[in-house]
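*Asks:* The structure's right below; bear with me while I get my questions together.
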Amino acid sequence: MGICFSIEEDQMLQQHQRLQQQKQEQQPVQCEKSTSSAPLAPRDVKDLRESPVYSNVDIFTYEEMRLATKRFRPDLILGEGGFGIVYKGVIDENVRQGYKTTQVAIKELNREGFQGDREWLAEVNYLGQLRHPNLVKLIGYCCEDEHRLLVYEYMGSGSLERHLFRRVGSTLTWSRRMKIALDAAKGLAFLHGAERPVIYRDFKTSNILLDADFNAKLSDFGLAKDGPMGDQTHVSTRVMGTYGYAAPEYVMTGHLTSRSDVYGFGVVLLELLIGRRALDKSRPSREHNLVEWARPLLNHNKKLLRILDPRLEGQYSDKAAMKVAHLAYQCLSQNPKGRPLMNQVVEILENFQSQEENLEEAILQSGGSGLTLYEVPKDTTRTQSQRGEREPEGQTSNPGKGRSKSEPPNDCDLYSPSPDLLCNDNSTSSGS
Ligand SMILES: Nc1ncnc2c1ncn2[C@@H]1O[C@H](COP(=O)(O)OP(=O)(O)OP(=O)(O)O)[C@@H](O)[C@H]1O
Ligand SMILES: [Mg+2]
1 MGICFSIEED QMLQQHQRLQ QQKQEQQPVQ CEKSTSSAPL APRDVKDLRE SPVYSNVDIF
61 TYEEMRLATK RFRPDLILGE GGFGIVYKGV IDENVRQGYK TTQVAIKELN REGFQGDREW
121 LAEVNYLGQL RHPNLVKLIG YCCEDEHRLL VYEYMGSGSL ERHLFRRVGS TLTWSRRMKI
181 ALDAAKGLAF LHGAERPVIY RDFKTSNILL DADFNAKLSD FGLAKDGPMG DQTHVSTRVM
241 GTYGYAAPEY VMTGHLTSRS DVYGFGVVLL ELLIGRRALD KSRPSREHNL VEWARPLLNH
301 NKKLLRILDP RLEGQYSDKA AMKVAHLAYQ CLSQNPKGRP LMNQVVEILE NFQSQEENLE
361 EAILQSGGSG LTLYEVPKDT TRTQSQRGER EPEGQTSNPG KGRSKSEPPN DCDLYSPSPD
421 LLCNDNSTSS GS
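The numbering of the sequence shown is full-length UniProt numbering, which starts it at 1 and goes up by one.
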């Protein structure tokens, strides 16, 4: 996360947004269902409170946040990112009279953080307006004195990162991985297909959250950006995102399009297939960068089968693995136009899924055992957070630094000590 504008740009943007806002206020209030109309950034908290666009987001007091988290009890901490600490909480009668008991995740902005208010507003802006089954729901927020908090639906199984890269314990099955890829693809396709398209910009395994049934949803909209409109071909921005996931042309030119997200999707699909992180310095140097190492092997069937995640052995048909690998190969094309659109990705993955289901059914009916399908035992799928543990060392983002994994150090474009990439975003939209 980490959004920053120059003062003049900010004023121009505010003026534009005010006009847009006035127009928007004449529109009927959006409903709860999948809505994909244009997110318009609120200028400040007053704007946010007054705008009918955010009327389905609850506003909480700080005292209510304290009650919901049992005074921010340390054993309720789910994790910590660049924005701040995330707590598990419950909003019920004791917190607010008449409130239906709801499990939530409460993210408290670290005030020493970078561009905090802007990130916080960006998150409320996008998640407060966009509703889709594959986007984490923003239930509400708190903005009182210097306190800034966000209240999300609670995602019982934590992040994809935790499950995919855990060193011990059960692993994600092939069918679960494919379902997660499909869910996440649907989330991105929804954003790209909105009336005013949105580019997510921070697609990575730690931002894909899983509910208790392992349905996947995208979280963290701090870097999201309105996509190009009309005859614009791209949006110009300073480069932000995460090392290993950002599209090469975006890193080189700062030109952002929805195809940059498709590249990020390709990286995650590759991580799901190979079971390795996008960047892993603990491997031999030629294997540090997953895409550089693995992409050339994806279209060589024998080589591909040798590099697939060994923990998946026996759970997929070679043909299915090759098809998914080919899709990843296309998403990771150096040429953005060579990448599929996200709605095409959804279609392809849906087809795979139904073919696989038919195959499983045929095998079950014939009593055969050509495919071994594992299900993770229920109790071993509990997240560390549910067990009251923190992430293992090396997997947490830097606590206490007040900086997002996706955030830049103060004056540079590329940030390497953490596996991430980033910078200030003094972006304005431009055509080409
Ligand atoms: N809605 C949620 N439900 C359950 N757990 C959540 C929820 N939101 C965040 N978390 C957990 O809280 C932790 C911190 O999340 P956060 O998004 O702040 O940081 P991050 O994704 O690790 O890093 P970054 O700052 O780059 O986004 C993660 O482990 C995540 O799984
Ligand atoms: Mg995150």
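Ideal Cβ placement from N, Cα and C applies to all residues, glycine included.
Report yes if the C-beta distance between Ser175 and Thr205 is below 8 Å; otherwise report no.
*Replies:* It is not a contact, given that the beta carbons lie outside the stated cut-off.
*Asks:* Apart from the five residues just before and just after Thr101, which ones in its own chain have a Cβ nearer than 7 Å to its Cβ?
*Replies:* If we look at Thr101 and ignore the five residues flanking it on each side, its Cβ neighbours are Val90, Asp92.
*Asks:* Is Ser219 near ligand 2, with its Cβ less than 7 Å from a heavy atom?
*Replies:* At least one heavy atom of ligand 2 is nearer than 7 Å to the Cβ of Ser219, so yes.
*Asks:* Any heavy atom of ligand 2 closer than 7 Å to the Cβ of residue 482?
*Replies:* The requested residue 482 does not occur in the structure, where the chain is confined to residues 1 to 432.
*Asks:* For Cys142, which of Glu108, Ala224, Gly81 has the nearest alpha-carbon?
*Replies:* Of the candidates Glu108, Ala224, Gly81, the one whose C-alpha sits nearest the C-alpha of Cys142 is Glu108.
*Asks:* In this structure, does DSSP put Ser317 in helix, strand or coil?
*Replies:* Reduced to three states, the DSSP call for Ser317 is coil.
*Asks:* Among the residues of its own chain, which have a CB less than 7 Å from the CB of Trp293, if the five just before and after it don't count?
*Replies:* Excluding sequence neighbours, Trp293 sits near Arg286, Glu287.
*Asks:* Hey, how far is the Cα of Ser170 from the Cα of His163?
*Replies:* For Ser170 and His163, the distance between alpha carbons rounds to 8 Å.
*Asks:* Using a 10 Å radius around the Cβ and a threshold of 16 neighbouring Cβ atoms, would you call Glu356 buried or exposed?
*Replies:* Glu356 should be labelled buried.
*Asks:* Is it a yes or a no for the region 232-250 touching the region 178-190, going by three-plus beta-carbon pairs under 8 Å?
*Replies:* Flag = no, the region 232-250 and the region 178-190 do not touch.
*Asks:* Run the proximity test for Ser157: is its beta-carbon closer than 7 Å to any non-hydrogen atom belonging to ligand 2?
*Replies:* False, no ligand heavy atom lies under 7 Å from that Cβ.
*Asks:* Buried or exposed: which applies to Ser354, given that a residue is buried once 16 or more other Cβ atoms fall within 10 Å of its Cβ?
*Replies:* Ser354 is exposed by the Cβ-count criterion.
*Asks:* Decide if Pro228 is buried, meaning its Cβ has at least 16 other Cβ atoms within 10 Å, or exposed.
*Replies:* Pro228 should be labelled buried.
*Asks:* Please confirm if the region 335-355 is in contact with the region 296-310, defined as three or more CB-CB distances below 8 Å between the two stretches.
*Replies:* Short answer: they don't touch.
*Asks:* The beta strand (DSSP E) spanning Phe60 covers which residue range?
*Replies:* Unbroken beta strand (DSSP E) run through Phe60: 58-60.
*Asks:* Could you check the C-alpha separation between Pro296 and Glu146 for me, to the nearest Å?
*Replies:* Approximately 50 Å between the Cα atoms of the pair.
*Asks:* Here's the rule I'm using: 16 or more other beta-carbon atoms within 10 Å means buried, otherwise exposed. How should Asp75 be labelled?
*Replies:* So Asp75 counts as exposed.
*Asks:* Taking C-alpha atoms, which residue in Gly244, Ile85, Leu327 lies nearest to Val151?
*Replies:* Residue Ile85 is the option with its Cα nearest to Val151.
*Asks:* Are the beta-carbon atoms of Met65 and Leu127 separated by less than 8 Å?
*Replies:* Cβ atoms of Met65 and Leu127: not closer than 8 Å.
*Asks:* Here's a check: name, in chain order, each residue in its chain whose Cβ is nearer than 6 Å to the Cβ of Asp211, leaving out the five neighbours to either side.
*Replies:* So the qualifying residues of the chain are Met155, Gly156.
*Asks:* Say the cut is 7 Å; is the CB of Asn110 nearer than that to a heavy atom of ligand 2?
*Replies:* Not under cutoff, so the answer is no.
*Asks:* Under 7 Å: does the beta carbon of residue 482 sit that close to some heavy atom of ligand 1?
*Replies:* The question about residue 482 has no answer, for the chain in this structure spans 1 to 432.
*Asks:* How many Å lie between Tyr200 and Leu135 at the Cα?
*Replies:* Cα to Cα, Tyr200 sits roughly 11 Å from Leu135.
*Asks:* Whole angstroms is fine: what's the gap from Leu290's alpha carbon to Arg71's?
*Replies:* About 42 Å.
*Asks:* Hey, out of Asp226, Phe203, Arg167, Ala216, whose CA is closest to Gly193's CA?
*Replies:* Minimum Cα distance to Gly193 is reached at Asp226.
*Asks:* Is Asn207 close to ligand 2? I mean its beta-carbon at under 7 Å from any heavy atom of the ligand.
*Replies:* Indeed, a heavy atom of ligand 2 lies less than 7 Å from the Cβ.
*Asks:* Under the rule that 16 or more other beta-carbon atoms within 10 Å means buried, what is Gln315, buried or exposed?
*Replies:* Under this definition Gln315 is a buried residue.
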